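For reference, the structure is listed below as structure tokens.
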């Protein structure tokens, strides 16, 4: 055929369901993802050699350049494999005639044109900075903080002629603070860079353009085929296209993604089953359409169109073949139990799902830090006030001098300078003179010190041996601190929200009981197996059939992988779900074993003499797998469709009882109503025992039913944008009209010391809410066994199914609220009845919410957090707890068996629930008092410093003269007073740990704001002002009189003598104050004080020799005994009020903490040991008559909620 343009008008085959248009013209077939109207015309330039056949050469598939015209629309597209790369994403993305395709579709092409290969396509970068961007970006980040800009202006003001300060005194501390932060940020980023470099340069074998190359990971492109061996880490998100396994499967470990150590099976696309070698890939061309890169690790939707050139010169086309997560290998996974695989790269570099998950959620900050900003605002207002006072006084004096100039000026005197009458200039000069001086009101190193202190606290928390599990088989023994910003927030937690399974319980599931054929059975060792128990004559054939079906359903309706232990040949089961493992192991002991599972079939072995009367051996049954529908938190069920050995099709389904009962057939011939009611009664018994229950059901399918379902399922899978919803609708339809087989009950025991921990939490005044998806009866039973609920309370259960009913019952409970347990329909609570819900909930120490979904958990937490403005803590172990953990002020992850998603999303993580007690009441309590003392001390020492300078202005006519030596000012914050903070932050304790453990009511003092409030801040502020005033005037009236008055009456004269004495008194005063507020003295405390005094002495001696006008001042001061006595006298005057106040607080009106401390000393009758920790044993409760009863959480006048403290259980039943 000649090369010509062939035009044909044809009609459209319009597929409304799939939004597709197909055209047929002889041998040419074109399928377009479009939905045009009317008829079309199209042009196809045909290649002249198209129909030439050469048996000796390989025939490549024909590529058409096609233009389509549809009713004057602008839709121009072609199914072309020679497509340019989308430069925007760096991936091989098809463009339609130069226009971008639908943004919702991501496209990958194989093979990749060589000229389109991109360097560093798979480069992973987790660093914030580069070598060139570090300095500007880091400075920009730091100067986003307003206080840094505040100090920057202060440094600039010293560069003017009006400032008496040497610029070094302001610039050096600012540079030091910025440098420390920059070094910290740079070091952290450098560690990320080294990790990135190592990862990006790992070598991988890839198949590209007919050759196998060994290239670094960073140069892998979308469309490359990666060759992986057992144990290799997967470098990009791959589509599995081939495996060394005959079944086309492989196993991966995803512990780096979700923390799950159980192996997961992945399956190669069956369309690639004919590909047995890399050479055969030369005959393959394909286009992959999938969803845009996202961070969802649990799901994936895509489709692939394939062209395979056969050796017979025939081209086989397969279009729109769907694939999902079962065919995907995500970056970060490790290949296990499979020798070799081929994977085609779908997402690379920053598009990979693991990289998408690196996006951090908003950083959490403690409420103390938020209140700190308010205190800083108060201090800033004080700063502005004294600066305004200074400007006004300077302006008045300058104006007064100007008015009297002509009156006082002697005639003809040329030396008197003419006064400045430019009043705006006077104001500006006054501001510039004093602005830098008054910046000392706010400590420049405050936030840097806070970061360092929190880092040290986190370090010691992670090294706390009492927060570790002493078990050899556990890899991670120590706790993890992911967010040290919340160290002090742990000390003021008011509400705790907890998951149940894996958090309070061990998540060590065991099949304990089951209910089948109207009978309840319990797993008892050494008894006959379940099958053998049905050998008795009383068991009817129908019951025997039901028990066998029940056992088959349990053994096969799962995703468990069986394998054999090499030495003992015992069957080992690996599963993603602890529940599934418990069921399969449990049914194995009852005579039914899962022997083998592959992608197409399942083999089970059934024991029991009734199965084979003459043989006491296993009877093996093999079923073909037709469909499998996984369990998730939304479906709450799992189903599998199998073909029996006799060819019949059966569906098995298991799931939560509330879901399964609604899916049972209402036909009495299928399900006996009495049997359903008996099953409900059995479930109630199981729940009362605190067991996790599942219903098991089945359904026989005809060939016609399955064919229809299979076709509908295939059509739903073609929907790329809304596939999950479409598939669920189809699957939900087949999972109806089920026949009930029975119920299982799985036991999950409480973790060690859970009851003691919860009881202590409640006694401390913290409210505890249990949020679980279990049945109400199960949750209440767990609540009772964990001491969350007390048998002394009357139980009233509310189960409302309508909004009106719920609203009415809530009103009744509010009117007659006593000690109650309430079950509430959660959806109603979340909408119109939030106020009533909170009114009841806030009067209760404990609440149980049942049947809640993950999103509802988060909503409950946010409801309390936002509307009540309480400090919330959420603790959980699974992926379904992540939303709740992120929603709370403080999130705790349990390192359990359900993966690491909760740990990664948390602020703190540890192995067992019992460590929550030590985290909150020891680390939280200590960190809280440490941080508050550091913050208060930081403001205090700077106020003491600045007050003498302010007063000095009244005696120097506001000329800007400095009362301190400049070197002293430079070193004051960054050196001379820098040690008490870290010492307080790391070792300060107000009580021994054993005293805290035996007195939970101590925690109430932090909840009431004893250590951090406006009153306390004002106390420190006023004491600082007093000591600053005394430091100046005691020097004024004793030593420095001659300097300020000029009367010549002084034992020591000179400006620098005055400066040294005031400096010394101020410094010693603030250091002694640090000692007075320290409860736990150590050698480090006194060593730190000595070091700072030594630095002060070195600075004075150095300055004494550096400047000629200082020479001799230091010797003149300290060689005078009278001066030394006067300095001591000044210190006593400064500290006497503080000593009196401290005596009053500890002796006359002691706090509960002080009483506990003194009582503890008396009972122990020995030196106080703050390290003592008797938390693992019963500690005798201390008898403190001045405090409320420590052993009870009954209401007192100190509690927040008057006299009613019930416990409340909430359910969605």
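Residue numbers (full-length UniProt numbering): 1 to 1213. Ideal placement from N, C-alpha and C gives every residue a C-beta, glycine not left out. Quick caveat, the model's predicted, so the values are computed rather than measured.
By a beta-carbon distance limit of 8 Å, residue 745 contacts residue 686. Their separation comes to about 4 Å.
Look at the stretch 894 to 949 and you find these whole runs of beta strand (DSSP E), each 3 residues long or longer: 908 to 910. Per DSSP, the beta-bridge partners of residue 253 are 334.
For residue 874, the three-state secondary structure derived from DSSP is strand. For residue 1123 and residue 178, the gap between their C-alpha atoms comes out near 40 Å.
Residue 603 is positioned such that its CB atom lies no closer than 8 Å to that of residue 571. Between the alpha carbons of residue 289 and residue 304 lies a gap of roughly 6 Å. Here DSSP, grouped into helix, strand and coil, assigns residue 207 to strand. With at least 16 other beta carbons inside 10 angstroms of its own, residue 949 counts as buried. Three or more Cβ pairs closer than 8 Å define a contact, and the stretch 548 to 563 falls short of that threshold against the stretch 703 to 718.
With 16 or more other Cβ atoms inside 10 Å of its own Cβ, residue 351 counts as buried. DSSP, read as helix, strand or coil, puts residue 719 in coil. One alpha carbon belongs to residue 582, the other to residue 777, and they sit about 21 Å apart. At the C-beta level, residue 1156 and residue 962 stay beyond 8 Å of one another. When the Cα atoms are used, residue 658 and residue 510 turn out to be separated by approximately 22 Å. Its chain contains 765 as the residues whose beta carbon lies nearer than 6 Å to that of residue 1004, once the 5 sequence neighbours on both sides are disregarded; these appear in chain order. Here DSSP, grouped into helix, strand and coil, assigns residue 1008 to coil. Spanning the alpha carbons of residue 912 and residue 754 requires a straight line of approximately 9 Å. According to the DSSP secondary-structure assignment, residue 323 is paired through a beta bridge with 302.
When the beta-carbon positions are compared, residue 154 and residue 385 stay at least 8 Å from each other.
Rounded to the nearest angstrom, the gap between the Cα atoms of residue 505 and residue 1023 is 52 Å.
About 6 Å separates the beta carbon of residue 220 from that of residue 206, a gap short enough to meet the 8 Å contact definition. Under the three-state reduction of DSSP output, residue 164 falls in the coil class, being neither helix nor strand. Of the candidates 803, 489, 806, 749, the residue whose Cα lies closest to the Cα of residue 781 is 749. Straight-line measurement puts the Cα of residue 503 at about 32 Å from the Cα of residue 452. For residue 460, no beta strand (DSSP E) encloses it; the enclosing alpha helix (DSSP H) starts and ends at 446 to 462.
Rounded to whole angstroms, the separation of the alpha carbons of residue 1075 and residue 143 is 34 Å. Between residue 120 and the set 149, 199, 596, the nearest pair of CA atoms involves 199.
Taking the CA atoms as reference points, residue 1092 sits about 11 Å from residue 1070. By the criterion of a C-beta distance shorter than 6 Å, residue 218 is surrounded in its chain by 120, 122, 123, 200, once the five residues flanking it on both sides are discounted. Boundaries of the alpha helix (DSSP H) around residue 578: 578 to 589. For residue 154, the enclosing alpha helix (DSSP H) starts and ends at 146 to 157. Beta-carbon to beta-carbon, residue 332 and residue 240 are separated by about 16 Å, too far to satisfy the 8 Å threshold. Residue burial annotation: residue 330 is buried, with at least 16 other C-beta atoms found within 10 angstroms of its C-beta. Restricting attention to beta strand (DSSP E) runs no shorter than 3 residues, the stretch 761 to 787 encloses them at 767 to 771, ordered along the chain. CA-to-CA, the gap between residue 814 and residue 909 works out to about 38 Å.
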